[in-house]
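S.K.: Here the protein sequences line up with chains A and B, keeping their order.
Residue numbers for the first sequence follow this note's numbering, so the first one is 770 and each next one is one higher.
Residue numbers for the second sequence follow this note's numbering, so the first one is 225 and each next one is one higher.
This is the structure I want to talk about, given as structure tokens.
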Amino acid sequence: GAVVSQHPSRVICKSGTSVKIECRSLDFQATTMFWYRQFPKKSLMLMATSNEGSKATYEQGVEKDKFLINHASLTLSTLTVTSAHPEDSSFYICSARDSVLALDEQYFGPGTRLTVT
Amino acid sequence: AQSVSQHNHHVILSEAASLELGCNYSYGGTVNLFWYVQYPGQHLQLLLKYFSGDPLVKGIKGFEAEFIKSKFSFNLRKPSVQWSDTAEYFCAVTLKAAGNKLTFGGGTRVLVKP
Numbered sequence: 770g771a772v773v774s775q776h777p778s779r780v781i782c783k784s785g786t787s788v789k790i791e792c793r794s795l796d797f798q799a800t801t802m803f804w805y806r807q808f809p810k811k812s813l814m815l816m817a818t819s820n821e822g823s824k825a826t827y828e829q830g831v832e833k834d835k836f837l838i839n840h841a842s843l844t845l846s847t848l849t850v851t852s853a854h855p856e857d858s859s860f861y862i863c864s865a866r867d868s869v870l871a872l873d874e875q876y877f878g879p880g881t882r883l884t885v886t
Numbered sequence: 225a226q227s228v229s230q231h232n233h234h235v236i237l238s239e240a241a242s243l244e245l246g247c248n249y250s251y252g253g254t255v256n257l258f259w260y261v262q263y264p265g266q267h268l269q270l271l272l273k274y275f276s277g278d279p280l281v282k283g284i285k286g287f288e289a290e291f292i293k294s295k296f297s298f299n300l301r302k303p304s305v306q307w308s309d310t311a312e313y314f315c316a317v318t319l320k321a322a323g324n325k326l327t328f329g330g331g332t333r334v335l336v337k338p
């Protein structure tokens, strides 16, 4: 089946530094990937839609200069949290849609827990 | 604005009891509907989905859901739960007019007591 991986699974960084999170579709091509944020005991909130070869589309209220998204290939999207602060600590989850099958179904990665100290 | 609501935040039940989780959405257009499950420490997995056709959808692990268009609902059911069904359940909707972005409900934590 369709598998999405994320790296790293956990990261701890100091306030003011930047952190990059990778999202890969392992056995399918994904022109579209999504980045979500999940707060403790809360639901997933869509942050942005990552489009291969073009700029990401950010949801209202999400700072595009803080959460940099790059989707340079059909199997890889990266989210960089720039100048991280403690309030950026969260669980970040990516998902991908199979471009070939073109179904309205997203496959989710295991998530990355970011802790900013 | 589009929204998805799940009525129960927490559900506690015993093994072999029946489970029904409510989900309502507030769209007027064509929707695709999903239920996802997140077991403790694991990533989101798709339980079932509805795109079109028979409004009664059967998914994995004995789950089913019924799409009632007139009620804007997509409730999840399982006749007899097991301890291993302890998880968080999320209803989600995509709206074609909104670019098929997934909007999630708030989630329901289900605890099944052995």
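Note that the Cβ used here is the ideal one computed from N, Cα and C, for glycine as well.
List the whole-angstrom C-beta distance separating valine 340 of chain B from glycine 329 of chain B, where the pair is believed to meet the contact cut-off of C-beta under 8 angstroms.
M.R.: Here chain B covers residues 225 to 338 and nothing more, so residue 340 of chain B does not appear.
S.K.: Within 10 Å of its beta-carbon, does isoleucine 862 of chain A have 16 or more other beta-carbons around it, so buried, or fewer, so exposed?
M.R.: Under this definition isoleucine 862 of chain A is a buried residue.
S.K.: When DSSP labels each residue in this structure, what does alanine 321 of chain B get in the three-state scheme?
M.R.: The answer is helix: DSSP assigns alanine 321 of chain B an H, G or I state.
S.K.: Please compile the residues from chain A whose C-beta is within a distance smaller than 7 angstroms of the C-beta of asparagine 324 of chain B.
M.R.: By Cβ distance, chain A contributes Asp873.
S.K.: In chain order, what residues of the same chain lie with their CB nearer than 7 angstroms to the CB of phenylalanine 275 of chain B, ignoring the 5 residues before and after it?
M.R.: Answer for phenylalanine 275 of chain B: Asn256, listed in chain order.
S.K.: Among A/Thr818, A/His854, A/Ala865, which one has its Cα closest to the Cα of alanine 322 of chain B?
M.R.: For the residues A/Thr818, A/His854, A/Ala865, the minimum Cα distance to alanine 322 of chain B belongs to A/Thr818.
S.K.: In three-state terms, what does DSSP make of glutamate 244 of chain B?
M.R.: Correct three-state label for glutamate 244 of chain B: strand.
S.K.: Buried or exposed for glutamine 266 of chain B, please, with buried defined as at least 16 other CB atoms from any protein chain shown within 10 angstroms of its CB.
M.R.: Result: exposed.
S.K.: Which chain B residues sit within Cβ distance under 8 angstroms of glycine 880 of chain A?
M.R.: What glycine 880 of chain A touches in chain B: His267.
S.K.: Would you give the residue range spanned by the beta strand (DSSP E) that tyrosine 251 of chain B belongs to?
M.R.: Tyrosine 251 of chain B -> no beta strand (DSSP E), and no H or E assigned at all.
S.K.: If we define contact as Cβ-Cβ less than 8 angstroms, is lysine 273 of chain B a contact residue for chain A?
M.R.: Output row for lysine 273 of chain B: interface = yes.
S.K.: Using CA coordinates, which residue listed in B/Lys320, B/Val336, B/Ile292, B/Phe296 is at the minimum distance from threonine 313 of chain B?
M.R.: First, the residue type needs correcting, since residue 313 of chain B is tyrosine and not threonine in the sequence shown. Residue B/Val336 is the option with its Cα nearest to tyrosine 313 of chain B.
S.K.: Give the straight-line distance between the Cα atoms of leucine 843 of chain A and valine 305 of chain B, rounded to the nearest whole angstrom.
M.R.: Approximately 40 angstroms, taken between the alpha carbons.
S.K.: Considering only the alpha carbon of each residue, which of B/Pro303, B/Leu245, B/Ser250, B/Asp309 lies closest to lysine 293 of chain B?
M.R.: The candidate whose alpha carbon is nearest that of lysine 293 of chain B is B/Ser250.
S.K.: By the criterion of Cβ-Cβ separation under 8 angstroms, what are the contact partners of phenylalanine 877 of chain A in chain B?
M.R.: Here the neighbours are Tyr260, His267, Leu268, Gln269.
S.K.: Step through the CB atoms of chain B and report whether any lies within less than 8 angstroms of the CB of serine 812 of chain A.
M.R.: Yes - at least one Cβ of chain B is within 8 angstroms of the one on serine 812 of chain A.
S.K.: Can you give, in chain order, each stretch of the beta strand (DSSP E) that sits fully within the segment 777–806 of chain A and has at least 3 residues?
M.R.: List check, beta strand (DSSP E) in window: 779–782, 788–794.
S.K.: Mapping DSSP to helix, strand and coil, what is serine 812 of chain A?
M.R.: Serine 812 of chain A: coil per DSSP, three-state reduction.
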